[in-house]
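> Quick one: the structure is below, and I'll ask about it shortly.
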Amino acid sequence: MPFFEGNGKAVPDVFRQRASAVLSAPNLDVEAIRLLAACSRYLALDERNLALGLVKGVCESQKDDQVLSEALASVRRFGLPLWPDNCFRKALSGIVDHKRWVIADLAADILATAQAST
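Residue numbers (numbering that gives the first Met the number 0): 0 to 117.
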């Protein structure tokens, strides 16, 4: 007898509920971004698009380096295309000059994938 028996949909439903709760949050912090990225595959396509849009928005407007770094590291985990999105591309172009090289490198890497896909 298995240790865990239950409905096969129970765990995905829990992940979906946790991510859905974050979608209505006024601001995304590091934990919220991690949660959205980790649980995104359990969201419906429209919810996943909304989550990706929120994380992209963090990249476009975030002043906190830790939150910005997490958003950049997570943005490709949604399984959705990042392009064409000129606002996001412009934000990344500005981040490439960031004072912290790790953040600048993440932005440059994402921009490089945009160049490769066009």
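Heads up, the beta-carbon is just placed ideally off N, CA and C, and yes, glycines get one too.
Which residue wins for smallest C-alpha separation from residue 186, given the options 99, 105 and 43?
Here the chain covers residues 0 to 117 and nothing more, so residue 186 does not appear.
> If we ignore side chains and look at the alpha-carbon of each, how far apart do residue 29 and residue 74 end up?
Near 13 Å, if we compare the C-alpha coordinates of residue 74 and residue 29.
> Tell me which residue opens and which closes the alpha helix (DSSP H) that residue 61 is part of.
Counting along the chain, residue 61 falls outside any alpha helix (DSSP H), and DSSP gives it neither H nor E.
> Pop quiz: residue 57 and residue 35 are said to be a contact at Cβ under 8 Å. What is the actual Cβ separation, rounded to whole angstroms?
Going by Cβ atoms, the distance from residue 57 to residue 35 rounds to 10 Å, so no, they are not a contact pair.
> Is residue 54 buried or exposed, if buried means 16 or more other CB atoms sit within 10 Å of its CB?
Buried, since its Cβ has 16 or more Cβ neighbours within 10 Å.
> Give me the residue from 100, 11 and 77 with the minimum Cα distance to residue 52.
Residue 52 has its Cα closest to that of 77, out of 100, 11 and 77.
> Starting from the N-terminal side, write out each stretch of the alpha helix (DSSP H) that is 4 residues or longer and does not extend beyond the stretch 81 to 107.
Entirely contained in the stretch 81 to 107, the alpha helix (DSSP H) runs reaching 4 residues are, in chain order, 85 to 94.
> Using the C-alpha atoms, what's the distance from residue 88 back to residue 60?
Cα to Cα, residue 60 sits roughly 13 Å from residue 88.
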